[in-house]
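Protein chains in written order, with this note's numbering: chain A, 4 to 118; chain B, 10 to 119.
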């Protein structure tokens, strides 16, 4: 069974540039999460979806970040105007049903550097 | 607000010796505890999930939960150099509310 797939693996930007990250979750998983992981820290939730619906985006900087999952499968996270503080690894995870005892499975992440 | 702290920040263990990692949390009503491993340039891999006090074994990995002491630990039996990675503890009442520690960097010396 294929795992969670993310692309690109790396991105290097100048401040003010835009970037998009793509995620393909495990087939059949209805819940998809985007996390931001700064260096030497644990992941921090940005947004999560159940099917195509956003369930919680309260930690997503809405002025520059956006996330969609139009068909309830793949998802895209976009940063409109990157800042140096956005430098981090962006992780996508998926699970079935989002229940408290269901395991999150993570992709390898996209490592973003903003110069 | 749940707070999760891991110790030590870094740990070096000889191959074959037991490795023990610690995680403390602030909210004793949490019921969902997971240990993940993160190799450099790889995603997070779940090792053990534990939901009630006591022990849970998954191969060479054993988690021990004591909610009264606000403590969950991970013990790695017969560690190998390939087990060198960052180990992360995650605590929550539900998946989307996972609160993570900042990790323990484990190095296994041959």
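Just so you know, even glycine gets a beta-carbon here, dropped at the ideal spot from N, CA and C.
This structure is a prediction, so every number in the text was calculated from the model and none was measured.
| Item | Value |
| --- | --- |
| Please identify the residue among 64(A), 117(A) and 72(A) whose C-alpha is closest to the C-alpha of residue 52(A). | 72(A) |
| What does residue 44(A) reach in chain B if we use C-beta pairs closer than 7 Å? | 111 |
| Would you say residue 55(B) faces chain A, with C-beta separation under 8 Å as the test? | yes |
| Consult DSSP for residue 84(A) and reduce its assignment to one of helix, strand or coil. | coil |
| I'd like to know if the region 104-112 of chain A and the region 20-27 of chain B are in contact, where contact means that at least 3 CB-CB pairs between them fall below 8 Å. | no |
| Is it true that the CB of residue 58(B) sits closer than 8 Å to the CB of residue 43(B)? | yes |
| What residue range does the beta strand (DSSP E) around residue 63(B) cover? | 63-67 |
| For residue 83(A), which residues in the same chain have their Cβ closer than 6 Å to its Cβ, ignoring the five residues on either side in sequence? | 21 and 67 |
| Taking a contact to mean a Cβ-Cβ separation below 8 Å, would you say residue 39(B) touches residue 12(B) in this structure? | no |
| Using only CA atoms, which one of 117(B), 111(B), 118(B) and 32(B) lies nearest to residue 44(A)? | 111(B) |
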